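Numbering (my numbering), first residue to last: -9 to 470. In this text, a Cβ means the ideal position worked out from N, Cα and C, and glycines have one as well. Every value quoted in this text rests on a predicted model; they were computed, and no experiment measured them. Structure, as C-alpha cells:
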Amino acid sequence: MFRNLSFRYKIPLRASILILFTATVVAGAIMYHAYRNLKEDLLANSETLGRVLAHPLATALLHDDLWHAYEIINSPFSTSGDDNTQPQVIMVLDAQQRVYVSTQPRQFPVLSTPTAPMHELEALHEAVAAPSITSQPIQIPGSDKFFILTPIVSDNVKLATLVTGYSNSMFLPRYYGIARKAIITTLLALAVLLPISWYWAWRMAIPLTQLAKCMGRVGKTLPEIEECQLYISKDEIGQVGTAFAHMLEQLQEKEVLEAQMLHSERLAAVGRLAAGIAHEINNPLGGMLNAISTLKKHGNADPQTTKTVSLLERGLGQIQNIIAALLVEAKLKSHPLTVQDIEDTRTLVLADAHQKSAEVVWENDILETLPLPSTLVRQILINLLLNAIAAIEPRGRVRCHIYRDSVNLFLRVENGGAHIPAERMAYLFEPFSPVREGGYGLGLWVIYQIAQQMQGEIVVQSHPGETSFVVTLPIRERMS
C-alpha cells in the first residue's frame, strides 16, 4: 500500500521516519553516555571519600582509639549534602576481616564477622584479604549494592580496610533528571523539525506530482505546456521537466502536421473524386447540348416545345459551368502576369461592389511583370474578391493588398463581414461547401486547386469583425 502512495506523502513520511529514528538514536546515545559518566563520577567521588577517611583512620587505629574512628566514619553523614549520594554504610575491617567499627553498630557489632543481613559482604572476604594497597570498587553479582574498598595504610603496612557501601539506585534520580531534560529537548526539536520536513518534502514533491499529472493526460488529450506548470531547473527533476516540455512541443508539432496532412489528403481525395465524376459527366453532357443545338436548328417544334428545350439548354449549360469549375488545370497556356492584368481584375469586381455600395480599398505594390500565369492568378484574385464582397453587409468595406518579396507573390483580401464558424473551417476548401449561405461553394475550391498546382498555400484567419485570406504563390524564374 505504501508503494501506491503519492510522493507528496511518501517523501514527508520517509523524512519523518528518518528524523524520528535519528532523534531516538541521538537521545539514546546521550542518555547512555550520561548514565555512564554519572556512574563514573560517583565512583570517583566515592573513592576520593574513602581515601580522605583512610588517612585519619590510620592514626586512630595506631592509637586504638575506637571512638575517634567512629567519629571519623560518621563525619560524611553530618554534612548537609545530597542524601542520595551518601553511602549506606561505612565500616572498618581488621586483618581478620572482623568489624573494628561501623556506622551501624547494631547490625555490625565490634569484632563481629559481617554476615546477614549484609550477606553480600561475604563476597568481599577475598578482596579484603588481598595485600593490595590501592582503592578498588567491588560490584556484587545479583545485588543492588556496590562497595569501595580502601586500604588503611601506615608506613606501607596495611592496617585494615575501609569498606564504603552504596546503593546502585543512588544516582538514578540524577539520571532521571538528565533523561527527562534530554527527552523534552528531543520532543521540542521534533516539534520544530517535523513540520519543516513535511513542508520541505511537500514542496519537493510538487514538481513530481505536477509532472505525473500532466503525463497522465498525454494520450487522452495533448495538454499545453503552460497548463502543466512544469518545474524547470538544472537539477534532475528540472531536467525531466525540460525534456517533457520538449516532448510536448514535438507532439504538438506532430499533431499539427498530421492534421495538415489529413486535411491535404482529404482535399486531394475529394479533388480526385470530383474531377473523375466531372470527366464522366462532361462527355454525355456535351452530347446532350449538341443534341439540343441540332434540335433547335433543324427541328420544327411548337412554341411550348421550344420553351421547354430552352429551359433544358440553360439547365445543362449551368451544369456545364459547374463541371468546368471542377476541372481546374494549371497548365493552361497564359502570358506572364502584368500590372495591367492585376488592375483589370479590380475593374471586373467593381460592378459587384457598386451593387452593395461597398468600398474596395485597393493596394497594388506590383510594378513589374512577373513570371506567373496571368489567367490563373487573376482567377484566384477574382474569386477572393467576389467572395469578400458577397460576405459583407451593404456599404461594407473590402481591402485588397497585392505585394511580393524576393521569392513569393502575396494576394491578401480582407473583409469586415460575418466571420467563418470554426466548424466550417475544416471543410472550407472542399467543393460544394460554401463559405456563406447560398452559392455552390466552388470559388474557394478553385482557388485551392490552382494554389496547390502552383505549389502555393492559403492561410485563412477569421474572427468576428474581420476575415482575411492570404494566398502565397512562389515566383519562378521562367514560366513552364
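In this structure, what does DSSP give as the bridge partners for Lys135? According to DSSP, which records beta bridges pairwise, Lys135 is partnered with Ser157.
Helix, strand or coil for Lys321, going by three-state DSSP, please let me know. The predicted position of Lys321 is uncertain, since its pLDDT is 48 and thus under 50; no value can be drawn from it.
The segment 368 to 376 / the segment 331 to 344 touching (three or more Cβ pairs under 8 Å): yes
For Pro141, does the count of other Cβ atoms within 10 angstroms reach 16, so buried, or fall short, so exposed? buried
N- and C-terminal bounds of the alpha helix (DSSP H) containing Arg336: Val329 to Gln345
Assumed close pair Ser364, His325 - CB separation to whole angstroms, cut-off 8 Å: 6 Å
Would you tell me roughly how many angstroms separate the C-alpha atoms of Thr175 and Trp192, rounded to the nearest one? 26 Å
Going by beta-carbon coordinates alone, are Leu338 and Leu362 separated by less than 8 Å? No.
Under DSSP, the alpha helix (DSSP H) around Tyr417 begins and ends at which residues? Per DSSP, Tyr417 belongs to no alpha helix (DSSP H) and is neither H nor E.
Going by beta carbon distance, what residues of the same chain come within less than 7 Å of Tyr60, once the five residues before and after it are set aside? Within the same chain, Tyr60 has close Cβ partners Val91.
Measure the C-alpha to C-alpha separation of Ile356 and Phe459 and round it to an integer number of angstroms. The straight-line gap from Cα to Cα measures roughly 19 Å.
Pull up the distance between the alpha-carbon of Leu32 and that of Leu198, whole angstroms please. 56 Å
On a Cα-Cα basis, can you pick out the residue from Val397, Gln129, Ala195 and Ile80 that is closest to Gly228? Ala195
Can you tell which of Gln240, His23, Lys148 and Thr124 has the C-alpha that lies nearest to the C-alpha of Ala48? Measuring C-alpha to C-alpha distances from Ala48 to each of Gln240, His23, Lys148 and Thr124 identifies Lys148 as the nearest.
Endpoints, the alpha helix (DSSP H) within which Ile379 is located: Ser364 to Ala381
Exposure of Tyr166, with buried meaning 16 or more beta-carbon neighbours within 10 Å: exposed
Any Cβ of chain B within less than 8 Å of the Cβ of Leu56? Here there is only one protein chain, and chain B is not present.
Can Ser125 be considered in contact with the ligand GTP, in the sense that its beta carbon sits closer than 7 Å to one or more heavy atoms? Looking for the ligand GTP in the displayed structure turns up nothing, as the structure carries no ligands at all.
Start and end of the alpha helix (DSSP H) containing Val436? Gly433 to Gln443
Sub-8 Å separation of Gly40 and Leu184 beta-carbons: no
Tell me which same chain residues have a C-beta within less than 8 Å of the C-beta of Arg394, skipping the five on either side of it? Excluding positions up to five away in sequence, the list reads Asp355, Ile356, Leu360, Phe400 and Ile465.
Could you spell out the range, first to last residue, of the alpha helix (DSSP H) harbouring His58? Leu56 to Ser68
State the Cα-Cα distance for the pair Pro99 and Asp84, rounded to the nearest angstrom. 13 Å
Using three-state DSSP, classify Phe400 as helix, strand or coil. strand
Contact under 8 Å by Cβ, Leu279 with Leu301: no
Along the chain, where does the alpha helix (DSSP H) that runs through Ser473 open and close? The requested residue 473 is not part of the displayed model; the chain covers only -9 to 470.
Take the Cβ of Gly455 as the centre, count every other Cβ of all protein chains shown within 10 Å, and call the residue buried at 16 or more, exposed below. Gly455 comes out exposed.
Going straight from the alpha carbon of Pro2 to that of Ala181, what length do you get? 14 Å
Check the C-beta distance from Ser157 over to Lys135 and give it rounded, since I have them as a contact under 8 Å. 6 Å
Report the partner residues of Met475 according to the DSSP bridge assignment. Here the chain comprises residues numbered -9 to 470, so residue 475 is not present and cannot be evaluated.
In terms of residue numbering, what span does the alpha helix (DSSP H) encompassing Leu177 cover? Leu162 to Arg207
Whose C-beta lies closer than 7 Å to the C-beta of Arg468 among residues of the same chain, with five residues either side of it excluded? Model confidence at Arg468 stands at a pLDDT of 47, short of 50, so the residue's coordinates are unreliable and nothing is read from them.
So which of Leu51, Ala281, Gln242 and Leu275 has the shortest CA-CA distance to Val82? Leu51
Pair every Cβ in the segment 377 to 391 with every Cβ in the segment 441 to 452, then say whether three or more of these pairs are closer than 8 Å. no
DSSP bridge partner residues for Arg41 (one or two, in chain order): In the DSSP output, where bridge partners are listed per residue, Arg41 has none listed.
Quick check on Ile410: does DSSP put it in helix, strand or coil? coil
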